[in-house]
Amino acid sequence: MSATGPVLQVTGLQVSYGPVHRSTDAVRGLDFELYAGEVLAVVGESGSGKSQTALALLGLLGPGARRRGRMLLEGKSLDELDEAGWTRVRGRRIGLVSQDPGQALNPYLSIGKQMLEMLRWHQGLGGVKAREQAESMLRAVGLTDAPSVLGKYPHELSGGMQQRAVMALALLGEPVVLVADEPTTALDVTTQSQVLALIASLARQSGTAVLLITHDLAVVRGVADRVLVMYGGRVLEQGRTDELFAAAGHPYTAGLIACAPGLTSTPGSLLPSLQGQAPGAGDWPQGCPFHPRCPRRLEKCATSMPVLEQISTTHWRACFNPGSDL
Amino acid sequence: MSPLLEVHDLGLSFDRSNALGPGMSGVSFTLEPGHVLGVVGESGSGKTSLARALVGLRPTRSGHIMLMGQRLPPDGTMSTDLRRQVQMVFQNPVASLDPRMTILQSLEEPLRVHRGDMDARQRLARAVDVLEMVGLPSATLAGYPHQFSGGQCQRIAIARALMVQPALLICDEVVSALDVSVQAQVLNLLMSLQRELGLAMVFISHDLAVVRHICDQVAVIYRGGLLEQGEAVALCAHPAHPYTRDLLAAVPGARVSAGRPAPLAPDQPNSGCAYRHRCELATQLCVERAPGLGSRMDLSPDRKVACHHPLVSGKPAGIVGQ
Amino acid sequence: MSTTPVAVTHWRAALARLAENRAAMAAAVVLVLVCLAVLVGPWLVSATSQAVDWDQISTPPSLHNGHLLGTDANGRDLLARMLMGGRISLAVGLLATLVSVLIGVIYGATAGYLGGRVDQLMMRAVDVLYALPFLFLVILLTVYFGRHIMLIFLAIGAINWLDMSRIVRGQAMSLKRQEFVLAAQATGVSSAGILLRHILPNLTGIVVVYATLTVPQVILAESFLSFLGLGVQEPLTSWGSLISEGAREMENAPWMLVYPGLVLGLTLLCLNFLGDGLRDALDPMRDDRRDGT
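Those sequence lines, one after another, are chains A, B and C.
Numbering of the first sequence is given in numbering that gives the first Met the number 0, commencing with residue 0 and proceeding in unit increments.
Numbering of the second sequence is given in numbering that gives the first Met the number 0, commencing with residue 0 and proceeding in unit increments.
Numbering of the third sequence is given in numbering that gives the first Met the number 0, commencing with residue 0 and proceeding in unit increments.
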């Protein structure tokens, strides 16, 4: 972790929708810090609030959303930005790679045109210099035949190549933070690991901080430096990736890790699984949001909300009865 | 015992939406009653086309499919009697249920088609029984699909498929659209139902680890061609085809690593081996001639591979200088 | 979600959404009032639409002479005539819409679901019919069969089903690709069964919306015909006929044009608002989803 302080600091983030007396709380108090050159994975299932977090960081929350809390980018507040302010931040200081590359790319413009447009907008570059920079960025994301790719239209590229092009576009503005929202979910399995590895290496090389949002805890291993596990709009566990996989304290984290069959499971055996399903956003029970599904729940889990406690210098956990049964 | 399902040299013309080359060609496999076959492939492999052809939703171009000894007509139709024996569960659970029908109505439909002799009370009783088998309460019957979660809808879809007691269940990426914590539940459910009811299953997925866990045999397809086939655990332990190895490498926590990826090239005309564009072992031979399916009994008795340079114990064989 | 779900149908969710749309709700209220007025009104108004008040020919509206909205050139009470005319206009609107919906839905759903050559043939037929000039046809029919009110229904209904069939066809085609239709096919449900039990019920939303938007089109068409003198015959009258008369007497008796015109315009406006509101409320796939991220 950099000694110069976090690039992104989020304190007490809350996002809600709907009328105040009947509000749907998507995010209920999120705190984290993101440092240059690291990859922080935010893992959560549907309804956990992870996507709303990404939207909040990019100023893309819908008109009916109410946001509270503080967001500081390189020490400067993002809370009071208006649309014009956000337009200057997006792309230049915070980049986005989202799930469907087909939607992020304009189908009517060639890759080259879209990249040159970005370079003109963010850096005022044009002509040969812009072209050179575009080509070098394409090569950096693994599209080795850069001149040819520049001339192609999105539909002429495969899904994996499209996502790489989107990444190249996102990095052109030289953002300090890159938000990758489920960047590999729509891609083939064999391409996924390549693209994730690319994200990680770009982060380390260029010092960009990456916020990787995903529903699949298994894929973050080997890619993310730290992991934040969200459920019910809150953080249940947070720590270094290796720490978490070695000794997940929270029953939910442990459950997520255990329930994916790896290549060493006994074929035909019952897979360890969590009962029930995640409630929809806003449908939270009282107390710990996970308690209805938790194999280790105590009586007090239904009435009071556990707070994040520090277990080691890098590991936090919010649980009254930590441990793993699975 | 004669096989339940026999697919012989099957060819499917490509879907209008699937512009990546031929739908399927030269695919053959058999399935015994009560066995589970996994079909592993990524987008563009033709696995969905295959699934649809097996349930009579799609015409075939060449080859044939035999179900319980009867040949399926190539135009994609199927007799009602035969349809009763093979049912399908789809990828998107909520979309596979009619949003305007109650769960009871959705569950009753197969009975109306195949068991016209049942009256309303009998249909209701059967629906309640099957719902119990999939772990859902009878109160579910009054609801509409949009009121349930993805996992619950998938259980309902499985229940619907089981209403007429089919011999064969086709599962097309049935857990891909579900949350990770729910996937394991549904997989457990499928495994226990398969055992209890002696169902044969064709389980289509892109996840080789899941397939290894629940299937007896695996067939690996890529761009409409069968690349490798054999007993599941052995195939994952000792893959013979580079693509199988790459699929394994993509499983989180795998200790195999993928081959050095070939330079990414957009689609090029098909000749020779379908995988040559992505394969680091490709040689001129691979460009000129498509490899046929050959036996590799040294790896396991039923293993077949279509590769000019199949791997031996995870290492490529027969390449000079490798 | 609790384990005992209440059967929240789409209609209930849609109605809730509609209720939030103030313009649509206001329009609905006005329409109900208009319908009540034309149904019950003629019995409440003292004068009838035929009675000639010889003393008060072409008198302007006043509160004192028993003719709230004035009289026409024949001394007939305008309000009474408007209420009676409203019956005809609305009846034509509803019945012709019904005809067009019936033909359009069956035709469009069949073409869309069957697809292929059958669909091509059916839609080319629609294209040909589109090209026929509506007015020409009606004039021909009137000349041949006379100005019978039934003819008006049929002529207008026969033209309007074309729009409905195209919309329904498009919707049927997209429904055909939905997984629940595939599931039904895989189960072995016949084509007819799928059309009846899966396609048609899922079309009701869009049909309701476009039917509501067809009614004003039909009323306007009828008004146009009547304005040209091809519509309903005396003693029957409609808003269109009244406007036609009013246009002729515009200089001497402007109230004869203004009031029928206002009522017609208001009704059409309300129907359009309601139709738009229904379209927003019945937007498919917008029902509460349980697996949103």
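Ideal Cβ positions, reconstructed from N, Cα and C, are used throughout, including at glycine.
Can you tell me whether DSSP reads residue i as helix, strand or coil?
i                      : result
residue 302 of chain B : coil
residue 217 of chain A : helix
residue 244 of chain B : helix
residue 128 of chain B : helix
residue 33 of chain B  : coil
residue 180 of chain A : strand
residue 309 of chain A : strand
residue 154 of chain C : helix
residue 97 of chain A  : coil
residue 86 of chain B  : strand
residue 317 of chain A : coil
residue 236 of chain A : strand
residue 56 of chain C  : coil
residue 60 of chain B  : coil
residue 8 of chain A   : strand
residue 100 of chain B : coil
Around the Cβ of residue i, are there at least 16 other Cβ atoms within 10 angstroms (buried) or fewer (exposed)?
i                      : result
residue 180 of chain A : buried
residue 106 of chain A : exposed
residue 317 of chain A : buried
residue 271 of chain A : buried
residue 206 of chain B : buried
residue 210 of chain C : buried
residue 182 of chain B : buried
residue 201 of chain C : buried
residue 147 of chain C : exposed
residue 145 of chain B : buried
residue 136 of chain B : exposed
residue 55 of chain A  : buried
residue 256 of chain B : exposed
residue 236 of chain A : buried
residue 157 of chain C : buried
So residue i and residue j are supposed to be a Cβ contact under 8 Å. How far apart are they, rounded?
i                      : j                      : result
residue 82 of chain B  : residue 186 of chain C : 7 Å
residue 214 of chain B : residue 262 of chain A : Actually they do not touch by this definition, with Cβ atoms about 14 Å apart.
residue 40 of chain C  : residue 82 of chain C  : 4 Å
residue 10 of chain B  : residue 59 of chain B  : 7 Å
residue 53 of chain A  : residue 178 of chain A : 5 Å
residue 226 of chain A : residue 251 of chain A : Going by Cβ atoms, the distance from residue 226 of chain A to residue 251 of chain A rounds to 12 Å, so no, they are not a contact pair.
residue 163 of chain C : residue 103 of chain C : 3 Å
residue 132 of chain B : residue 161 of chain B : 7 Å
residue 220 of chain C : residue 155 of chain C : 5 Å
residue 140 of chain A : residue 71 of chain A  : Not quite, the Cβ-Cβ distance comes to about 29 Å (not below 8 Å), so this is no contact.
residue 17 of chain A  : residue 100 of chain A : That belief does not hold up - the Cβ atoms of residue 17 of chain A and residue 100 of chain A are roughly 32 Å apart, past 8 Å.
residue 193 of chain C : residue 180 of chain C : 6 Å
Just checking residue i against the ligand MN - is the residue's beta carbon closer than 8 Å to any of the ligand's heavy atoms?
i                     : result
residue 47 of chain A : No copy of the ligand MN occurs in the structure displayed, which carries no ligand at all.
- request: Could you name each continuous alpha helix (DSSP H) segment of 4 residues or more that falls completely within the region 178 to 263 of chain B, going from the start of the chain to the end?
  value: 179 to 196, 207 to 213, 231 to 236, 241 to 248
If contact means a Cβ-Cβ distance below 9 Å, which residues of the region 250 to 270 of chain A contact chain B? 251, 254, 255, 257, 258, 259, 260, 261, 262, 263, 264, 265, 266, 267, 268, 269, 270
Discussion item. At 4 residues or longer, what runs of the alpha helix (DSSP H) sit wholly inside the region 241 to 284 of chain A?
Written reply: 250 to 257
Contact list for the region 35 to 49 of chain A against chain B, Cβ threshold 8 Å
44, 45
Under 7 Å, CB to CB, which of the residues in the region 185 to 203 of chain C have a partner in chain B? Of all residues in the region 185 to 203 of chain C, 185, 186, 187, 188, 197, 200, 201 have a Cβ within less than 7 Å of some Cβ in chain B.
Would you list, in sequence order, the uninterrupted alpha helix (DSSP H) runs of no fewer than 4 residues that lie entirely inside the region 60 to 122 of chain C? 77 to 113
- prompt: Residues in the region 241 to 262 of chain B with C-beta within 9 Å of chain A's C-beta atoms, listed in sequence order?
  reply: 242, 245, 246, 247, 248, 249, 250, 251, 252, 253, 254, 255, 257, 260, 262
Between the region 211 to 225 of chain A and chain B, which residues of the former have CB atoms less than 9 Å from a CB of the latter, in chain order?
214, 215, 216, 217, 218, 219, 220, 221
Relative to chain B, which residues along the region 157 to 180 of chain C have a C-beta separation below 9 Å, given in chain order? 177, 178, 179, 180
- Listed in chain order, which residues of the region 103 to 131 of chain C have Cβ atoms closer than 9 Å to some Cβ of chain B? Hits within the stretch: zero.
| task | Output, in sequence order along the chain, the residues in the region 180 to 200 of chain B whose CB is closer than 8 Å to any CB in chain A. | result | 180, 181, 182, 183, 184, 186, 187, 190, 191
Listed from N- to C-terminal order along the chain, which residues in the region 269 to 295 of chain A have their beta-carbon within a distance smaller than 9 Å of any beta-carbon of chain B?
-> 269, 270, 271, 272, 273, 274, 275, 276, 277, 278, 279, 292
* To do: Please list the residues of the region 188 to 200 of chain A that have a C-beta atom closer than 9 Å to any C-beta atom in chain B, keeping them in chain order.
  => 188, 189, 190, 191, 192, 193
| Positions along the region 206 to 231 of chain C whose CB lies within less than 7 Å of some CB in chain B | none
Which residue spans inside the region 148 to 227 of chain C form an unbroken alpha helix (DSSP H) run of at least 4? 148 to 175, 178 to 186, 190 to 193, 199 to 226
Return the residues of the region 40 to 59 of chain B that lie within a Cβ-Cβ distance of less than 8 Å from chain C, sorted by chain order.
Taking 8 Å as the Cβ-Cβ cut-off against chain C, the residues of the region 40 to 59 of chain B that qualify are 51, 54, 55, 56.
Practice problem: Closer than 9 Å, Cβ to Cβ, to anything on chain C: give me those residues from the region 103 to 116 of chain B, in chain order. | Solution: Within the region 103 to 116 of chain B, the qualifying residues are 104, 105, 108, 109, 111, 112, 113.
Query - Contiguous alpha helix (DSSP H) assignments of at least 4 residues, all confined to the region 87 to 136 of chain A - result: 100 to 103, 110 to 122
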